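Respectively, the protein sequence lines represent chains A and B.
Quick note: the first sequence, position 277, residue 277 per this note's numbering, numbers continuous.
Heads up, this note's numbering is the position in the second sequence plus 1000, with the first residue counted as 1.
Every residue, glycine too, gets a C-beta built ideally from N, C-alpha and C.
Only a predicted model underlies this, so the values are computations on that prediction, with no experimental measurement involved.
There are 2 protein chains.
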Amino acid sequence: MGDMMIKELARICGVAVSTASRALNDREGINAETRDRILATAKQYGYVPNASARSLKISANRTISVIIQGEPSPLLIDVLLILEEAFGKAGFATTLSHVPVRSAHFATVERIVRDGKFAGVVFLGRYGDAQSTDSHLLSMQLAELEVPIVFCTTSDYSGLRSTHSSVCVDDYSGGFDLGAHLAELGHRKIAFVGAGSAQEQGQVWALRFAGVRAALAQAGAQVDQDLMVPSALPGELFTMDNGYRSIQAWLAAGDRDFTALVASCDAVAVGAARALHEAGVRVPVDCSVTGFDGLNVGRYFIPRLATITQPIAEIAQATARVLLATIADPERPTEQVLIRGRLTEGESVAAA
Amino acid sequence: MGDMMIKELARICGVAVSTASRALNDREGINAETRDRILATAKQYGYVPNASARSLKISANRTISVIIQGEPSPLLIDVLLILEEAFGKAGFATTLSHVPVRSAHFATVERIVRDGKFAGVVFLGRYGDAQSTDSHLLSMQLAELEVPIVFCTTSDYSGLRSTHSSVCVDDYSGGFDLGAHLAELGHRKIAFVGAGSAQEQGQVWALRFAGVRAALAQAGAQVDQDLMVPSALPGELFTMDNGYRSIQAWLAAGDRDFTALVASCDAVAVGAARALHEAGVRVPVDCSVTGFDGLNVGRYFIPRLATITQPIAEIAQATARVLLATIADPERPTEQVLIRGRLTEGESVAAA
DNA sequence: CTGAAAGCGCTTACAG
DNA sequence: CTGAAAGCGCTTACAG
């Protein structure tokens, strides 16, 4: 068994190849009995159609490409697995491509997308150049590919909104909730760790921090620019390593006056908390720490991390829904889905 | 641009389709100048061959399937990304398939493999039924698929060794190193968390624990069967949740006498350490804890986790090498690669 | 070294 | 409802 072809299947069933094809594809205009007989025989012999020949005729590939850039967080992996399942149910295979952070990215992505002739593409996580990107140009280049694209967990990348759909946690609101939480506990001197460069204002870290600041402003507090911790590893902003190294260097470089530390995500928070610990700063007694994402690592960290928990399943499902709908109807207008996260209190936060 | 076909390319270059094909595929018997001209034109017009048509003729798919079962650890994701890159360099696309833990697995895998007509398959991480599996039968079924298969980070699954290649950290030796480390520090009463059922003796947790036991035995200590912590979540053995819930339940169920806790992996160790912490057991003062894998989460955990660091890059590279070699020569004998991990001391371990 | 032609395994008008 | 035939875009013997 294994390599039967439709011709042979048809011969065994005593029908023409075209009839067998009709049965296999559940087409109209075929006798129910004939269809069932062919289907049964196909199953019996373990016939599986040649995907290449099929897509050559149909000229519609049944695979979706998921592109991850840089170091993926467990959150992205969870999303990926749900996407894979959802696409699978809809009859699409999922192909993963990984783009290194530093690779010239439009060219890389173009190659991936064109080589594969994919039915659709999901950009999972951050997509863009760490240094600076003419995002409008990038957006137009991607639009030229004429493939349905959905950005997943990537917030507003100015200009992109209009040309592509996106699904993301509401970073700004999440930040706001964290900021309100800290403000309520009396925190006024708040440091930020995990920031990228000033050019990347649309990135998730910037939206999250903006939300925190808005809540603080509403509580009558203002942020001290000296409390923006520079990122030690700009190439991997959202890692434990960056959180750790950034705080370590920052504390070593001068006396710091702050009662709370807002990290761009849970991983950065964990690294930062470790650096605080090594420097003799007790969390939360001397300094409160917050994350963002709601990863297991934060739940089991000692002290348990206060954070915004992302509704991963909802985000993934929405992404699949939007992409599949766009594949079915390419003229469908783009859609920006923003999903509210949930404030999860933790042991890492205490009154100022 | 975008959808040029070889026919058009040939017309523009003033050659026959067959000549264009020869140029594109770097075949013998073509004038160097003609070839260069065709290649240049192809590049200029952004010609990209139709993969379906190509593989229909060649009947050799250029994609490799990576199958992950259950909840993937960050370690597996790192391996996956390196595999993707290595396969990409060799001209293969990588398709990811995720198999839920509980799904009837040979049938599932068979469907994945046959539908895709893959050039090769990597099983990443655990592969098998949590409850019980006739591994010999499974092995024979997989062999029937007649596709090059490499098991990556899956240790000996009895019977498989002979039919398929595998690449894995040396779990037994790693366990031995951990056991020797603990024994040297005077630990004699050692508990184990993260074990699966008795039927799964070939699984990584069993090999690791066996290594620890061997080192202890060599030091004159014997393991108390009462110190085998039952897994609270048999369906997701290697998770923080399992570590946490298992220790929590175990401590609640009776007085325990132990000075060290060996976890099946870092994630389990972190969850377990958190449960110890909540129960008032201080790590490492009252109890030493060890992990396995060398994940970032352990490096930043407080206290920093003693563990065996897996050489992830080596493991991934070896996997790619073996699979690509097997694809190139299907008659190639199977190969079992065992790579030594490195003992990484941590703050989670102290003298008994 | 180059071209015309066959064929990879399928699907789909087009006739019957 | 069924069958014979064309053709999807490529590669590869086979002639020249």
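Query, Result
"Any idea if A:Asn25 is buried or exposed, counting beta-carbon neighbours within 10 angstroms, 16 or more meaning buried?", "exposed"
"Can you name the start and end residues of the beta strand (DSSP E) that A:Arg342 belongs to?", "342-344"
"Assign A:Gly376 to one of three DSSP states: helix, strand, or coil.", "This structure leaves residue 376 of chain A out entirely; chain A is present only between 1 and 352."
"At a CB-CB cut-off below 7 Å, which residues of chain B make contact with A:Pro74?", "Pro1074"
"Consult DSSP for B:Met1360 and reduce its assignment to one of helix, strand or coil.", "Nothing about residue 1360 of chain B can be read from this structure; chain B reaches only from 1001 to 1352."
"Kindly confirm or deny that the segment 268-288 of chain A and the segment 211-223 of chain A touch, where touching means at least three C-beta pairs closer than 8 Å.", "no"
"Tell me whether B:Asn1061 is buried or exposed, calling it buried when 16 or more other Cβ atoms sit within 10 Å of its Cβ.", "buried"
"Would you verify that the beta carbon of B:Ala1086 is, or is not, closer than 7 Å to some beta carbon of chain A?", "no"
"Do you know how far the Cα of B:Arg1035 is from the Cα of B:Val1015?", "10 Å"
"Hey, how far is the Cα of B:Pro1311 from the Cα of B:Ile1082?", "12 Å"
"Please list the partners that B:Gly1271 has in chain A, where partner means a Cβ-to-Cβ separation under 7 Å.", "Tyr300"
"CA-CA distance, B:Gln1131 and B:Gln1199?", "Residue placement at B:Gln1131 is poorly supported in this model, since its pLDDT is 43, which falls under 50; the coordinates still yield a value, given next. Rounded to whole angstroms, B:Gln1131 to B:Gln1199 spans 7 Å at the Cα level."
"Short check: CB of A:Ala260 to CB of A:His187, under 7 Å?", "yes"
"Could you spell out the range, first to last residue, of the alpha helix (DSSP H) harbouring B:Glu1064?", "Looking at the sequence provided, one finds Ile at residue 1064 of chain B rather than Glu. Unbroken run through B:Ile1064 is the beta strand (DSSP E), 1063-1069; no alpha helix (DSSP H)."
"Just to confirm, are B:Ile1327 and B:Ala1107 a CB contact at a threshold of 7 Å?", "no"
"Short of 8 Å in beta carbon distance, which residues of its chain neighbour B:Ile1068, apart from the five on each side in sequence? Order them along the chain.", "Leu1076, Leu1080, Leu1096, Ser1097, His1098, Val1099, Leu1124, Gly1125"
"Is B:Ser1018 buried or exposed, if buried means 16 or more other CB atoms sit within 10 Å of its CB?", "exposed"
"Which residue wins for smallest C-alpha separation from A:Val337, given the options A:Thr154, A:Gln203, A:Asn31?", "A:Thr154"
"B:Ile1067 CB to nearest chain A CB: under 7 Å?", "no"
"Using CA atoms only, rank isn't needed, just tell me which of A:Phe301, A:Ala93, A:Gly294, A:Arg282 is closest to A:Ala270.", "At residue 270 of chain A the sequence reads Val, which differs from the Ala that was named. Considering only alpha carbons, the answer is A:Phe301."
"Between the alpha carbons of B:Asp1171 and B:Cys1265, how many angstroms are there, rounded?", "11 Å"
"Determine the DSSP secondary structure at A:Asp293, reduced to helix, strand or coil.", "strand"
"Any C-beta of chain B sitting closer than 7 Å to the C-beta of A:Ala350?", "no"
"If contact means a Cβ-Cβ distance below 9 Å, which residues of the segment 1318-1340 of chain B contact chain A?", "none"
"May I ask you to verify whether the segment 191-207 of chain A touches the segment 241-250 of chain A, counting CB pairs closer than 8 Å and requiring at least 3?", "yes"
"Between which two residues does the beta strand (DSSP E) carrying A:Ser166 extend?", "165-169"
"Would you give the residue range spanned by the alpha helix (DSSP H) that B:Val1204 belongs to?", "1204-1218"
"I'd like to know if B:Ala1053 contacts chain A, where contact means its C-beta is closer than 7 Å to some C-beta of that chain.", "yes"
"Return no unless some Cβ of chain A is closer than 7 Å to the Cβ of B:Leu1182.", "no"
"To the nearest angstrom, how far is it from the Cα of B:Val1349 to the Cα of B:Leu1178?", "10 Å"
"Where does B:Phe1301 fall in DSSP's three states?", "coil"
"Any idea which residues DSSP pairs B:Cys1358 with across the strands?", "Beyond the ends of chain B as shown, which are 1001 and 1352, falls residue 1358 of chain B; an answer cannot be given."
"Rounded to the nearest angstrom, what separates B:Glu1144 and B:Val1113 at their Cα positions?", "11 Å"
"So what does A:Ala370 bridge to, in DSSP terms?", "This structure cannot settle anything about residue 370 of chain A, because the visible part of chain A is limited to 1 through 352."
"Three-state secondary structure (DSSP) at B:Phe1118?", "coil"
"Specify the secondary structure class of B:Thr1326 as computed by DSSP and reduced to three states.", "helix"
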